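Quick notes on the structure that follows.
Listed below in structure tokens is the structure:
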């Protein structure tokens, strides 16, 4: 029996938003680390929070990094937990809204093994 784990893809709008946030985060970190003010290039008054960030680079960079990473993680997290054997779905957390208990999991495997050709391919004890 082969066990394969993979990531369930997030919704495209959420994935796009997470990617944009990542690019903005990196650009902001580079500007802060090099002491650049992108607002002067855009002829926009510099926000007070950015002036503070330029004076407190280390704290601001850490805060931006961790805060944006938590938002990105939230955006790309799907909460999916799907179980299938030979492309036959046995459990879907997306449909049920919960994880299977240990007893349910063992019962699923036993039921599948007795009701399919999986049992004929080789002997597996569950």
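Numbering (this note's numbering), first residue to last: 268 to 393. Here a beta-carbon is modelled for each residue, glycine too, at the ideal position from N, C-alpha and C. Keep in mind the model is a prediction, meaning the values are calculated, not measured.
Nearest-angstrom beta carbon gap, residue j and residue i [assumed within contact, 8 Å]
i: residue 361; j: residue 347; result: 5 Å
i: residue 327; j: residue 309; result: With a Cβ gap of about 20 Å, residue 327 and residue 309 do not count as contacting.
i: residue 277; j: residue 363; result: With a Cβ gap of about 19 Å, residue 277 and residue 363 do not count as contacting.
i: residue 333; j: residue 352; result: Between residue 352 and residue 333 the Cβ distance is about 39 Å, and since that is not below 8 Å, they are no contact.
i: residue 335; j: residue 292; result: 4 Å
Buried versus exposed, by CB contacts within 10 Å (16 or more), residue i
i: residue 294; result: exposed
Residue i to residue j span [Cα, whole Å]
i: residue 296; j: residue 350; result: 40 Å
i: residue 375; j: residue 365; result: 15 Å
i: residue 343; j: residue 359; result: 18 Å
i: residue 284; j: residue 321; result: 26 Å
i: residue 315; j: residue 301; result: 18 Å
i: residue 368; j: residue 377; result: 14 Å
i: residue 304; j: residue 313; result: 8 Å
i: residue 373; j: residue 275; result: 23 Å
i: residue 354; j: residue 271; result: 12 Å
i: residue 281; j: residue 337; result: 14 Å
i: residue 287; j: residue 381; result: 49 Å
i: residue 311; j: residue 273; result: 45 Å
i: residue 325; j: residue 279; result: 33 Å
i: residue 323; j: residue 307; result: 19 Å
i: residue 330; j: residue 370; result: 43 Å
Helix, strand or coil at residue i according to DSSP, with G and I counted as helix
i: residue 356; result: strand
i: residue 368; result: coil
i: residue 289; result: helix
i: residue 338; result: helix
i: residue 311; result: coil
i: residue 351; result: strand
i: residue 317; result: helix
i: residue 277; result: coil
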